[in-house]
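Enquirer:
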Amino acid sequence: MCQFLIISDQRCCLQVEKWLFHDSFPESQCFNHDRLLINFRVGCFEDSKSSRALNGFAYEFKSDNSIEKCRSTCYRAGFIYYGLEFGRECFCGDSLTKQSVDEARCTEYRCTGNSSQFCGGFNAVEIFRTGLKEPHLMPKAKYVETADADVDTKVPRIIFLLQLNGRNERQVKRLLKALYSPRHYYYIHVDQRQLYMLTEVKAVAAKLSNVFVAPDPHSTIWGGASLLTMVQDAIRRSITMPSLSDWDYLINLSESDFPVLTLNELETQLRLNPGKSYMSSHGYNTARFIQKQGFDFVFIECENRMWRIGKRFVTLAHVLFYM
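Numbering-wise, UniProt numbering puts 178 at position 178 of the sequence shown, and it's gapless, one number per residue.
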């Protein structure tokens, strides 16, 4: 079964079973999740614009605020507390900075999205637990001076995923020269519209046994679903190929990137930080990142563009942590 979305003069087919977002998912099995903490009431607390009880992030749901919506909104951003106030306001945070007040003060306003529920009062916020045990941050790698490196540790094997576009093959060769080592792997994807670049890259790959060119290129666009598909295909193919499968780290680069560390320095940093994350999806508040990146909306890739086609409901099983 297929639903059609008309965009410009092209019909984009949406597979219903893959496209729809479900209202319910299995409960999270994350180690930081505790079902006994879901909606656990902490109490009623003093609050004001100048000094918030929860200072993680604030939302205003003028027509659809409720205990469930506020909880899911704060939960997905990785906060351990959520609070309701003035009927329409939802606050998130990881620590409480105010004293509790009379419980009656938190029953002054009904929730804008559910009249059977109370959503705080005037300068009084009712606070609950989201279901997360504690704030969680991925362990981050730290730069260590090369002179302090332990030379006895194993040198990790890297697969460099080079996603290439444009016609500047000299820059690509310069990048490959800076990164090349017989020890590592180089998986190259060339946008399917760039035949000249593909020809040049294949000529290079023919001379180097550890350079592999993707046989089924995608028409990748920045921020598009096809970009993710390309990365997934690269990982899936590499781990099933005996000649590429034993890598420890994957580093994704484009033709516009160039390393600021030498390959030896990069290898050293990876050796000294085993099991640490080098990824950084954003450098600020997770809730603000979700809001600014349009995570609340559904997008579809069509005509080599991304189209916003509707609102997305994020289930209670989804959590985004700062990395």
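Backbone N, C-alpha and C define an ideal beta-carbon position, used for all residues, glycine too.
Three or more C-beta pairs under 8 Å: does that hold for the stretch 201 to 221 against the stretch 184 to 191?
Expert: Yes: at least three Cβ pairs fall under 8 Å.
Enquirer: Leaving out five residues on either side along the sequence, give the residues of the same chain with a beta carbon under 8 Å from the beta carbon of residue 290.
Expert: Your numbering for residue 290 matches position 290 in the sequence shown. Excluding residues within five positions, the ones whose Cβ falls inside 8 Å are 76, 77, 296, 320.
Enquirer: Is the distance from the Cβ of residue 154 to the Cβ of residue 276 below 8 Å?
Expert: Position 154 of the sequence shown, counted from the start, is the residue given in the question as residue 154. Position 276 of the sequence shown, counted from the start, is the residue given in the question as residue 276. It is not a contact, given that the beta carbons lie outside the stated cut-off.
Enquirer: Would you identify the three-state DSSP class for residue 301, choosing helix, strand or coil?
Expert: Position 301 of the sequence shown, counting from 1, holds the residue named residue 301. Strand.
Enquirer: To the nearest angstrom, how far is the alpha carbon of residue 32 from that of residue 308?
Expert: Here residue 32 refers to the residue found at position 32 of the sequence shown. Here residue 308 refers to the residue found at position 308 of the sequence shown. If you take the alpha carbons of residue 32 and residue 308, they lie about 33 Å apart.
Enquirer: Just reading off the alpha helix (DSSP H) that residue 204 is part of, what are its end residues?
Expert: Translated into the one-based positions of the sequence shown, residue 204 becomes position 204. Element bounds for residue 204: 195 to 205.
Enquirer: Return the CA-CA distance between residue 117 and residue 66, expressed in angstroms with no decimal places.
Expert: Reading the sequence shown from its first residue, position 117 is the one you call residue 117. Reading the sequence shown from its first residue, position 66 is the one you call residue 66. Going by the C-alpha atoms only, they are around 7 Å apart.
Enquirer: Would you identify the three-state DSSP class for residue 75, choosing helix, strand or coil?
Expert: Residue 75 sits at position 75 when you count from the first residue of the sequence shown. Note: residue 75 maps to helix in three-state DSSP.
Enquirer: Can you have a look at residue 99 and say buried or exposed, based on whether 16 or more other CB atoms are within 10 angstroms of its CB?
Expert: Within the sequence shown, the letter at position 99 stands for residue 99. Per the 10 Å Cβ criterion, exposed.
Enquirer: For the alpha helix (DSSP H) holding residue 114, just list the boundary residues, first then last.
Expert: As a position in the sequence shown, residue 114 is number 114, starting the count at 1. Run containing residue 114: none in the alpha helix (DSSP H); it sits in the beta strand (DSSP E), 114 to 118.
Enquirer: Near residue 211, which residues of its chain fall below 6 Å by C-beta distance, leaving aside the five closest residues on each side in sequence?
Expert: Here residue 211 refers to the residue found at position 211 when the sequence shown is read from its first residue. Contacts found: 186, 205.
Enquirer: Does DSSP classify residue 269 as helix, strand or coil?
Expert: The residue labelled residue 269 in the question sits at position 269 within the sequence shown. Three-state DSSP puts residue 269 in a helix.
Enquirer: In this structure, what does DSSP give as the bridge partners for residue 107?
Expert: Counting from 1 along the sequence shown, the entry for residue 107 is found at position 107. According to DSSP, which records beta bridges pairwise, residue 107 is partnered with 120.
Enquirer: Residue 47: buried (16+ other C-beta within 10 angstroms of its C-beta) or exposed?
Expert: To locate residue 47, count along the sequence shown from 1; it is residue 47. Buried.
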